[in-house]
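Numbering (the working numbering), first residue to last: 6 to 180.
Below is one structure, written out as structure tokens; comments come after it.
In structure tokens:
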């Protein structure tokens, strides 16, 4: 990936994919892993901004779900203790939701979108943005809530209603 970057003759997609592969296959150090993740996202985002590339979108969706500022890590008070990181989580979740909206509508996609929305609710709840969290909850179609997300939905709904921003470590939703 670094070679592709230095040569300067490769597309953003090719560089992004090389960093994508490095992220998943080179776990030799935490700094390399983090750099690979960040650079892969950056190059692939540049790719999808210039053209609608479905393959690049798929890679991005995978990476967004891997970032520590995103998804299950929203629930971890030790990792996501700052407002800035929670704001970043919301940015990534919005990108992931946009990706889900761009692909074929299936039952699995509906569940994934609800899980993503619940994580966005959680981030807003932790930021004490209870009105925003409540608005998101109200826009989730009740008919689409299945058994796998029902408990999380009900728990978050109660916490938002009572304006409870307390954080307790628990196993997060997985997307």
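Think of the CB as a built atom: it goes at the ideal place given N, C-alpha and C, for glycine as much as any other residue.
For clarity, every value in this text was computed on a predicted model and none was experimentally measured.
With contacts defined as CB atoms closer than 8 Å, residue 108 and residue 149 fail to qualify as a contacting pair. One alpha carbon belongs to residue 63, the other to residue 111, and they sit about 16 Å apart.
In the DSSP annotation of this structure, residue 132 is not part of any alpha helix (DSSP H), being labelled neither H nor E. Classified as exposed, residue 56 has fewer than 16 neighbouring CB atoms from the shown chains inside 10 Å of its CB.
Distance from the CA atom of residue 96 to the CA atom of residue 65, rounded to whole angstroms, is 13 Å. Collapsing the DSSP output to three states places residue 17 in a helix.
Between residue 138 and residue 91, the C-beta gap is not smaller than 8 Å, which leaves the two residues out of contact.
Residue 155 and residue 36 have their alpha carbons spaced roughly 37 Å apart. Taking 8 Å as the upper bound for CB-CB distance, residue 123 and residue 158 are in contact here, some 6 Å apart. When the Cα atoms are used, residue 69 and residue 167 turn out to be separated by approximately 30 Å.
With a 10 Å radius around the Cβ and a threshold of 16 neighbouring Cβ atoms, residue 52 comes out buried. CA-to-CA, the gap between residue 170 and residue 142 works out to about 16 Å.
Per DSSP, the continuous alpha helix (DSSP H) segment holding residue 53 begins and ends at 35-55. In chain order, 149, 151, 153 and 154 place their CB closer than 8 Å to the CB of residue 116, counting only its own chain and leaving out the 5 sequence neighbours on each side.
Contact annotation, residue 48 with residue 17: C-beta distance approximately 5 Å; criterion of less than 8 Å satisfied.
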